[in-house]
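Data block below; observations after.
In this note's numbering, the protein residues as written are 41 to 288.
Below, the structure is given as structure tokens:
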């Protein structure tokens, strides 16, 4: 059921398979330990858009968000929705229903307010408090499945991102896709050195491990890569994924 996929913005696109295993700057000690970041985001919810908006301004991140939003169709699940920064970019005529998931109640409330402001007459929307690592438990009773599961800059805040991706794959309808836009390690050494230098402080302040090897995480999930792009000196990663057993 998935339509023809469009390319991401043309920004430093590279074939990831050729560079994933080449990172002389990588040191496990520079990667913050995984942690439950719910409390951090509870505190950050109010005023979060202003802080992140300043960071994203002029970096081209909005174009990546638009790229992802164009791929949302059918029954959609957005993981780690945060304050709903993708909401204004939605094209509702191609969306049957949308579910927002976030561990933080305060973040979900921000998303709900944003959605109601932008689309007050759309009723097939729900908000669920929970983690991607808990997806199978959260959907056990409803047996809900999705055509598109998307996430922007969420892997960095998850305790077990590989499990999260595997859970997403198990909730896809036949022909369904996972669409990710994430930040992580670059293919430029000087960028990685900057990310590594500030990684622990970033994790403490924003619950964000921004120097993870996103390609390695995707590979370990066992999902099949349909499309992949990188930009911002290789530190922005974009994927379209599917179940490896899905013939569509």
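Note that the Cβ used here is the ideal one computed from N, Cα and C, for glycine as well.
Assigned exposure category for residue 249 - 16 Cβ within 10 Å defines buried: Reading the chain shown from its first residue, position 209 is the one you call residue 249. Result: buried.
Proximity below 9 Å, CB of residue 5 to CB of residue 191: Past the edges of the chain, shown from 41 to 288, lies residue 5, and the structure says nothing about it.
Whose C-beta lies closer than 7 Å to the C-beta of residue 144 among residues of the same chain, with five residues either side of it excluded? Stepping through the chain shown from its first residue, residue 144 is reached at position 104. Excluding sequence neighbours, residue 144 sits near 78, 81, 82, 85.
Taking DSSP as the reference, what is the three-state secondary structure of residue 53? The count along the chain shown starts at 1 and reaches residue 53 at position 13. Its pLDDT being 44, under 50, residue 53 is placed unreliably in this model, and the coordinates cannot settle the point.
Output the boundary residues of the beta strand (DSSP E) element that contains residue 282. Here residue 282 is taken as the residue at index 242 of the chain shown, counted from 1. That run of the beta strand (DSSP E) goes 276-282.
Contact test: residue 262 Cβ vs the ligand FMN heavy atom, cutoff 8 Å: Of ligands this structure carries none, so the ligand FMN is not represented either.
Three-way DSSP call (helix, strand, coil) for residue 128 in this model: Here residue 128 corresponds to residue number 88 of the chain shown, with the count starting at 1. In this structure, residue 128 counts as helix in the three-state DSSP scheme.
Going straight from the alpha carbon of residue 240 to that of residue 232, what length do you get? The count along the chain shown starts at 1 and reaches residue 240 at position 200. The count along the chain shown starts at 1 and reaches residue 232 at position 192. C-alpha separation (whole angstroms): 13 Å.
For residue 167, report the span of its beta strand (DSSP E) as first-last. Along the chain shown, read from residue 1 onward, the residue named residue 167 stands at position 127. Residues 165-169.
Suppose the cutoff is 7 Å on Cβ atoms and the five residues either side in sequence are ignored; what does the same chain contact list for residue 197 look like? Counting from 1 along the chain shown, the entry for residue 197 is found at position 157. Hits under 7 Å: 77, 120, 247, 248.
Can you name the residues that DSSP bridges to residue 116? For the purposes of this step, residue 116 is identified with residue 76 of the chain shown, where counting begins at 1. Answer is 138, 188.
Could you tell me the distance, in whole angstroms, from the CA atom of residue 106 to the CA atom of residue 219? Taking the first residue of the chain shown as 1, we reach residue 106 at position 66. Taking the first residue of the chain shown as 1, we reach residue 219 at position 179. Answer to the nearest angstrom: the Cα atoms are 12 Å apart.
Since I believe residue 186 is in contact with residue 115 (beta carbons under 8 Å), could you give me their beta-carbon distance rounded to a whole number of angstroms? One-based indexing of the chain shown puts residue 115 at position 75. One-based indexing of the chain shown puts residue 186 at position 146. Sure, about 5 Å apart at Cβ, within 8 Å.
Please state whether the Cβ-Cβ distance between residue 118 and residue 189 is less than 9 Å. The residue labelled residue 118 in the question sits at position 78 within the chain shown. The residue labelled residue 189 in the question sits at position 149 within the chain shown. Cβ atoms of residue 118 and residue 189: closer than 9 Å.
Identity of the residues DSSP links to residue 217 by a beta bridge: Translated into positions along the chain shown, residue 217 becomes position 177. Per DSSP, 188.
Mark residue 88 as exposed unless 16 or more other C-beta atoms lie within 10 angstroms of its C-beta, in which case mark it buried. Taking the first residue of the chain shown as 1, we reach residue 88 at position 48. Classification for residue 88: buried.
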